[in-house]
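These protein sequence lines are chains G and U, in that order. Take 3 as the starting number for the first sequence in my numbering and just add one per residue. Take 20 as the starting number for the second sequence in my numbering and just add one per residue. Structure first, then comments.
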Amino acid sequence: LLGLATMATFQFNSFFKTLIGKEIAVELKNDVALTGTLHSVDQYLNIKLTDVQVVDADRFPQLSAMKNCFIRGSVIRYVQIPAAEVDTELLQDAARQQTKDGPSSSSTTSAPATATASA
Amino acid sequence: MSASLDALVNKVVTVVTNDGRNIVGNLRGFDQTTNLILDDCHERVFSTTAGVQQEVLGLYIIRGDNIAIIGELDQDVDSQADLSVVRAEPLKPVAH
Numbered sequence: 003l004l005g006l007a008t009m010a011t012f013q014f015n016s017f018f019k020t021l022i023g024k025e026i027a028v029e030l031k032n033d034v035a036l037t038g039t040l041h042s043v044d045q046y047l048n049i050k051l052t053d054v055q056v057v058d059a060d061r062f063p064q065l066s067a068m069k070n071c072f073i074r075g076s077v078i079r080y081v082q083i084p085a086a087e088v089d090t091e092l093l094q095d096a097a098r099q100q101t102k103d104g105p106s107s108s109s110t111t112s113a114p115a116t117a118t119a120s121a
Numbered sequence: 020m021s022a023s024l025d026a027l028v029n030k031v032v033t034v035v036t037n038d039g040r041n042i043v044g045n046l047r048g049f050d051q052t053t054n055l056i057l058d059d060c061h062e063r064v065f066s067t068t069a070g071v072q073q074e075v076l077g078l079y080i081i082r083g084d085n086i087a088i089i090g091e092l093d094q095d096v097d098s099q100a101d102l103s104v105v106r107a108e109p110l111k112p113v114a115h
């Protein structure tokens, strides 16, 4: 008998859904940065942005004719969200919630998850 | 709202791949791993020393592993651009 009691782990998917309609910046692993309105997000944290602007657009004429785009989650390095849109205290608390194990729970404290938001 | 590629099917898209290539074509289909079917596609090769080279490819399947961005190409803006005068560094490859 395992007797596992679990609390839901933090769902980034759900968190991003609360930001739909907001202006965000996405930095990719190829160093391209895009700003735009978050249109949708999925289970892989793929992101669709509308009204996209490329940061440092002169360097990237490849992307100049792009108004909306789908960004594959696997290629995202950072998502920058406006500090005003997020209650960072609530977010830190939500991210700290851990799954509780029954028999194997240790009595020592585990490191809390840290969340950073940039303006 | 789930981020689906449905809205881009049968539209002209510009695909940025993980190795920094730019492929433009008509999106015909996709799947959950973002494998794509691109029709009438061509690669646009950007360089700092010459204008944009276009290499015709035809009907392609691009494996989802390799895809970074799928952008809806605004054809009005794109048709105004004179690619022969554009000089740019090629996009960097994706570093995980």
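Built from N, CA and C at the ideal position, the CB exists for glycine as well.
Distance, Cα to Cα, residue i vs residue j?
i, j, result
"Glu25 of chain G", "Leu36 of chain G", "11 Å"
"Val35 of chain U", "Ile89 of chain U", "7 Å"
"Gln82 of chain G", "Leu55 of chain U", "28 Å"
"Pro115 of chain U", "Thr52 of chain U", "Residue identity differs from the one stated: residue 115 of chain U is His in this sequence, not Pro. For His115 of chain U and Thr52 of chain U, the distance between alpha carbons rounds to 18 Å."
"Gln99 of chain G", "Arg47 of chain U", "43 Å"
"Ala69 of chain U", "Arg106 of chain U", "6 Å"
"Asp60 of chain G", "Asn37 of chain U", "21 Å"
"Gly104 of chain G", "Thr11 of chain G", "Because the pLDDT at Gly104 of chain G is just 39, under 50, the model does not fix this residue reliably, and the value given afterwards should be weighed accordingly. Answer to the nearest angstrom: the Cα atoms are 16 Å apart."
"Ala85 of chain G", "Asn85 of chain U", "33 Å"
"Gln2 of chain G", "Lys50 of chain G", "With chain G represented from 3 up to 121, any question about residue 2 of chain G goes unanswered, as that position is not in the structure."
"Ala117 of chain G", "Phe18 of chain G", "Only weak support exists for where Ala117 of chain G lies, its pLDDT of 49 falling under 50; the value from the coordinates is given anyway. Rounded to the nearest angstrom, the two C-alpha atoms are 14 Å apart."
"Leu135 of chain G", "Gly75 of chain G", "In the structure as shown, chain G begins at 3 and stops at 121. Residue 135 of chain G is therefore absent and cannot be evaluated."
"Ile78 of chain G", "Gly38 of chain G", "14 Å"
"Gly83 of chain U", "Leu24 of chain U", "12 Å"
"Ala97 of chain G", "Gly39 of chain U", "34 Å"
Here's the rule I'm using: 16 or more other beta-carbon atoms within 10 Å means buried, otherwise exposed. How should residue i be labelled?
i, result
"Glu91 of chain U", "buried"
"Asn15 of chain G", "exposed"
"Gly128 of chain U", "Residue 128 of chain U is absent from the model: chain U starts at 20 and stops at 115."
"Val113 of chain U", "buried"
"Ser108 of chain G", "Summary for Ser108 of chain G: the model assigns pLDDT 46, below 50, so the residue's position carries little reliability; its value from the coordinates is reported in the next sentence. Flag for Ser108 of chain G reads exposed."
"Asn41 of chain U", "buried"
"Gly23 of chain G", "exposed"
"Ala87 of chain U", "buried"
"Thr67 of chain U", "exposed"
"Ala121 of chain G", "In this prediction, Ala121 of chain G scores a pLDDT of 48, lower than 50, which makes its location untrustworthy; the coordinate-derived value is nonetheless stated afterwards. Flag for Ala121 of chain G reads exposed."
"Thr90 of chain G", "exposed"
"Leu92 of chain G", "exposed"
"Val28 of chain G", "buried"
For the alpha helix (DSSP H) that contains residue i, what are its first and last residues?
i, result
"Lys19 of chain G", "Phe14 to Lys19"
"Leu42 of chain G", "Checking the sequence, you will find Ser at residue 42 of chain G rather than Leu. It is not in any alpha helix (DSSP H) - Ser42 of chain G instead sits in the beta strand (DSSP E) that spans Ala35 to Val43."
"Gln99 of chain U", "Gln94 to Gln99"
"Glu91 of chain G", "Thr90 to Arg98"
Candidates the options: which alpha carbon is nearest residue i's?
i, options, result
"Gly77 of chain U", "U:Asp58, U:Gly48 and U:Pro109", "U:Asp58"
"Ser21 of chain U", "G:Ile73, G:Asp60, G:Phe12 and G:Leu30", "G:Ile73"
"Val57 of chain G", "G:Glu87, G:Thr11 and G:Leu30", "G:Leu30"
"Thr20 of chain G", "G:Asp33, G:Ser42 and G:Gly38", "G:Ser42"
"Gln13 of chain G", "G:Leu40, G:Gly23, G:Ala27 and G:Asp44", "G:Asp44"
"Val75 of chain U", "U:Thr67, U:Arg82, U:Arg63 and U:Ile81", "U:Arg63"
"Lys111 of chain U", "G:Phe62, G:Pro84, G:Lys50 and G:Thr90", "G:Phe62"
"Tyr79 of chain U", "U:Gly39, U:Ser103 and U:Phe49", "U:Phe49"
"Lys95 of chain U", "U:Gly83, U:Phe65, U:Ser103 and U:Val31", "The question names Lys, but residue 95 of chain U in the sequence shown is Asp. Per the Cα distances, U:Val31."
"Ser103 of chain U", "U:Asp25, U:Phe65, U:Gly39 and U:Leu27", "U:Phe65"
"Val28 of chain U", "G:Gln55, G:Asp33 and G:Cys71", "G:Cys71"
"Pro109 of chain U", "U:Gln72, U:Gly83 and U:Asp93", "U:Gln72"
"Gln55 of chain G", "U:Ala26, U:Gly39 and U:Asp93", "U:Asp93"
"Ala26 of chain U", "G:Val34, G:Asp33 and G:Thr52", "G:Thr52"
Can you name the start and end residues of the beta strand (DSSP E) that residue i belongs to?
i, result
"Gln72 of chain U", "Gln72 to Ile81"
"Tyr80 of chain G", "Ile78 to Gln82"
"Thr33 of chain U", "Val31 to Thr36"
"His115 of chain U", "From DSSP, His115 of chain U is part of no beta strand (DSSP E); its letter is neither H nor E."
"Asn48 of chain G", "Per DSSP, Asn48 of chain G belongs to no beta strand (DSSP E) and is neither H nor E."
"Val64 of chain U", "Leu55 to Val64"
"Glu25 of chain G", "Glu25 to Leu30"
"Val43 of chain U", "Asn41 to Phe49"
"Phe72 of chain G", "Met68 to Ile73"
For residue i, verify whether its CB is less than 7 Å away from any heavy atom of the ligand GTP.
i, result
"Leu24 of chain U", "As far as ligands go, the structure on display features none, and thus does not contain the ligand GTP."
Stretch-stretch touch, CB-based, cutoff 8 Å, three pairs: the segment 89-109 of chain U with the segment 66-74 of chain G: yes
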